[in-house]
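Input: a single structure, listed below in structure tokens.
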Amino acid sequence: MAAGPRASSVRHRVLALAVVVYLITYMDRVCIANAAPAIRQEFGFDTVTMGWIFSAFSWSYALFQIPGGWLGDRFGPRRVLATMVVWWSAFTAATALAWNARSMAGFRLLFGLGEAGAFPTATRALSHWLPATERGFAQGITHAGSRLGATLTPPIVVFLTMRFGWRSVFYLFGLAGVVWAAAWYAYYRDHPQQHGGVNAAELAVIGHPANNPQAIGPAIRVPWGKILGSRNLRVLCGMYFCYAYCLWMYLTWFPTYLLEARQFSLKEMGLFASAPLAAATLGDAVGGWLSDVLARRFGTLRWARRSVGILGFLVMAACVLPATVTHDRYLSIALTTVALFGLELTVGVSWAVALDVGAGFAGSVSGVMNMWGNLGGALSPILVAYLVKFYHWQAPFVVAFGLCLLGAICYLRIDPDDRIVA
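Quick note, this note's numbering runs 15 ahead of the 1-based positions in the sequence shown.
Okay, here's the thing in structure tokens:
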């Protein structure tokens with residue numbers, strides 16, 4: 016008996032495009048942290064002022080998560096995500112035009128508004144393209160792309176700053192986003208059957224129509240009552256708050272910590288700031304992949320998602336305090352590298368859970384989760400600045416330790432089998 020036609024692989028190219036945009040998002044977010052020493056030298060900003068500038072992005076990013084996710088659900092990811100990327104790329108470039116602290120914070124605020132819907136809309140973009148057993152890997156590999164962007168950024172920023180000045184960083188990174196937006200709009204379609212390269216065999220693999228037949232059209236009504244009333248989502252949001260607070264402590268202040276607390280040179284900082292983020296990249300991919308493997312082996316999402324999330328938070332908690340109290344600065348880097356690997360094990364799983372419980376409304380569900388996460392991300396750089404000013408550099412890591420334990424407890428109560436929208 017002849018085998019049927021081989022499934023096309025358009026969904027893998029869509030996933031690759033998503034990985035690239037995740038990479039760009041983090042390059043645009045963290046470039047300011049690595050340019051901060053040069054910016055502070057030019058403008059004379061103190062630690063607290065720089066903390067508020069770092070935080071400006073996170074406030075608008077957090078508060079516009081729900082509108083951003085709703086836009087992707089309501090009008091479709093193709094148009095919405097392309098528009099968002101062009102918007103935030105323009106304000107990435109505009110950061111180079113800042114003339115004082117307020118103008119720089121204002122540009123970062125508008126930049127955050129544009130990026131706010133990126134992850135929820137990208138999650139929604141993949142919801143119709145991937146079967147359930149590929150979601151953990153997909154979320155892991157996309158977030159690995161974001162951490163790869165953060166990993167590549169420090170040496171790139173140091174090189175560009177030393178050769179061309181810190182403003183060149185923002186111009187170049189802004190241009191990259193515009194190029195991606197053009198490629199996305201040209202190739203992506205909101206539903207697989209709309210893409211000329213998708214054959215019937217690939218549609219069968221995907222299981223299209225996807226999770227919610229009511230979500231096939233681009234204009235749908237989002238059931239906010241069910242979403243906001245979900246206990247499952249509230250626990251998910253609490254967990255993601257703990258995660259994002261810890262992550263943003265490293266994304267914003269870790270380069271400065273290496274310079275001031277560990278006495279590394281600027282060139283050394285560019286190298287050692289990348290090491291924990293490289294481990295985070297691996298952690299993203301491994302966490303999502305491992306969760307999918309466990310789901311296929313045991314036939315249940317509940318403990319496949321929970322076990323990986325709990326493990327990740329506990330690894331982070333076990334390493335974060337030793338990393339800051341040790342007097343050996345190279346051991347500190349090694350322990351921080353393991354800590355970030357553990358923290359990032361949780362990420363692909365968290366976004367896979369948003370897909371699991373949100374189904375055709377995954378953009379809105381993940382938007383709520385990411386909003387709460389980034390409220391933690393908004394508080395993190397400010398609180399770190401004050402803790403360092405009034406106490407010492409060890410204090411922020413003590414807070415992170417406690418939040419990691421709380422995140423592990425939250426994961427015990429998350430149930431990916433409990434669909435918010437049936």
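The beta-carbon is built from N, C-alpha and C at its ideal position, and this holds for glycine as well.
Same chain, Cβ closer than 6 Å to residue i, five either side skipped, listed in chain order
{"i": "Leu128", "result": "Ser75, Phe79"}
{"i": "Val25", "result": "His210, Gly212, Val213"}
{"i": "Ser70", "result": "Ala393, Pro396, Ile397"}
{"i": "Ala458", "result": "Only positions 16 to 437 of the chain appear in the structure, and residue 458 is not among them; the question remains open."}
{"i": "Phe185", "result": "Thr107, Ala108, Thr110, Ala111"}
{"i": "Ala400", "result": "Thr62, Val63, Gly66"}
{"i": "Thr98", "result": "none"}
{"i": "Leu329", "result": "Ala423"}
{"i": "Ala77", "result": "Met386, Asn389, Leu390, Ala393"}
Where residue i falls, given that 16 or more other Cβ within 10 Å makes a residue buried
{"i": "Leu49", "result": "Reading off the sequence, residue 49 comes out as Asn, not Leu. Label assigned to Asn49: buried."}
{"i": "Pro20", "result": "exposed"}
{"i": "Val34", "result": "buried"}
{"i": "Thr315", "result": "exposed"}
{"i": "Met177", "result": "exposed"}
{"i": "Phe152", "result": "buried"}
{"i": "Gly179", "result": "Correcting the residue type first, residue 179 is Phe in the shown sequence and not Gly. With fewer than 16 Cβ atoms within 10 Å of its Cβ, Phe179 is classed as exposed."}
{"i": "Gln56", "result": "exposed"}
{"i": "Gly327", "result": "buried"}
{"i": "Gln278", "result": "exposed"}
{"i": "Ser381", "result": "buried"}
{"i": "Phe287", "result": "buried"}
{"i": "Gly302", "result": "buried"}
{"i": "Tyr406", "result": "exposed"}
{"i": "Trp114", "result": "exposed"}
{"i": "Tyr426", "result": "buried"}
{"i": "Ala197", "result": "exposed"}
{"i": "Gly222", "result": "exposed"}
{"i": "Leu418", "result": "buried"}
{"i": "Leu243", "result": "exposed"}
{"i": "Tyr37", "result": "buried"}
{"i": "Ser1", "result": "The structure shown does not extend to residue 1, since the chain is modelled only from 16 to 437, so the question has no answer here."}
{"i": "Tyr265", "result": "buried"}
{"i": "Tyr258", "result": "buried"}
CA-to-CA distance, residue j to residue i, given in whole angstroms
{"i": "Arg28", "j": "Ala295", "result": "23 Å"}
{"i": "Thr64", "j": "Ser73", "result": "15 Å"}
{"i": "Phe412", "j": "Pro207", "result": "45 Å"}
{"i": "Ile81", "j": "Gly132", "result": "8 Å"}
{"i": "Pro233", "j": "Leu141", "result": "Its pLDDT being 47, under 50, Pro233 is placed unreliably in this model, and the value from its coordinates should be taken loosely. Whole-angstrom Cα-Cα distance: 14 Å."}
{"i": "Val323", "j": "Val353", "result": "15 Å"}
{"i": "Ile54", "j": "Phe122", "result": "15 Å"}
{"i": "Leu309", "j": "Leu281", "result": "43 Å"}
{"i": "Met284", "j": "Val193", "result": "29 Å"}
{"i": "Ala137", "j": "His342", "result": "42 Å"}
{"i": "Phe356", "j": "Pro291", "result": "7 Å"}
{"i": "Thr339", "j": "Cys261", "result": "14 Å"}
{"i": "Leu421", "j": "Pro135", "result": "24 Å"}
{"i": "Leu125", "j": "Ser306", "result": "36 Å"}
{"i": "Leu274", "j": "Ser347", "result": "13 Å"}
{"i": "Leu187", "j": "Met42", "result": "11 Å"}
{"i": "Phe269", "j": "Trp103", "result": "24 Å"}
{"i": "Trp263", "j": "Ala215", "result": "43 Å"}
{"i": "Ala22", "j": "Leu218", "result": "8 Å"}
{"i": "Arg321", "j": "Thr361", "result": "9 Å"}
{"i": "Val172", "j": "Trp85", "result": "34 Å"}
{"i": "Gly87", "j": "Val95", "result": "6 Å"}
{"i": "Val101", "j": "Gly83", "result": "14 Å"}
Close Cβ partners of residue i (< 7 Å) along its chain, the five nearest in sequence each way excluded
{"i": "Asp430", "result": "Asn247, Arg317"}
{"i": "Tyr272", "result": "Trp408"}
{"i": "Phe256", "result": "Trp387, Gly388, Leu390, Gly391"}
{"i": "Ala105", "result": "Gly189"}
Other residues of its chain near residue i: CB distance less than 8 Å, five sequence neighbours each side excluded
{"i": "Trp239", "result": "Ser379"}
{"i": "Ala369", "result": "Thr138, Leu251, Ala377, Val380, Ser381, Met384"}
{"i": "Arg204", "result": "Arg93, His210"}
Supposed close pair residue i, residue j - CB separation, criterion 8 Å
{"i": "Ala332", "j": "Phe416", "result": "6 Å"}
{"i": "Phe58", "j": "Ala116", "result": "7 Å"}
{"i": "Val45", "j": "Thr157", "result": "Not a contact, Cβ separation roughly 17 Å."}
{"i": "Asp433", "j": "Val372", "result": "6 Å"}
{"i": "Tyr202", "j": "Leu32", "result": "7 Å"}
{"i": "Ile39", "j": "Ala191", "result": "6 Å"}
{"i": "Gln154", "j": "Trp304", "result": "About 10 Å; that fails the 8 Å criterion."}
Residue i Cβ short of 6 Å to the ligand SAH heavy atom set
{"i": "Ala276", "result": "Only the bare structure without any ligand can be found here, which leaves the ligand SAH out of the picture."}
* **Length-filtered (4 minimum) alpha helix (DSSP H) runs lying within the region 143-189** => If we require 4 residues or more, the alpha helix (DSSP H) runs fully inside the region 143-189 come out as 150-179.
* Asked: Which ranges would you report for the beta strand (DSSP E) in the region 216-304 if only whole runs of at least 3 residues count?
  -> Counting only runs of 3 or more, we get nothing.
* Can you list the beta strand (DSSP E) stretches of 3 or more residues lying completely in the region 94-144, in chain order? -> Qualifying beta strand (DSSP E) stretches: none in this window.
* Asked: Enumerated in chain order, which unbroken segments of the alpha helix (DSSP H) with a length of 4 residues or greater are wholly contained in the region 303-333?
  -> Counting whole runs of 4 or more residues, the region 303-333 contains no alpha helix (DSSP H) stretch at all.
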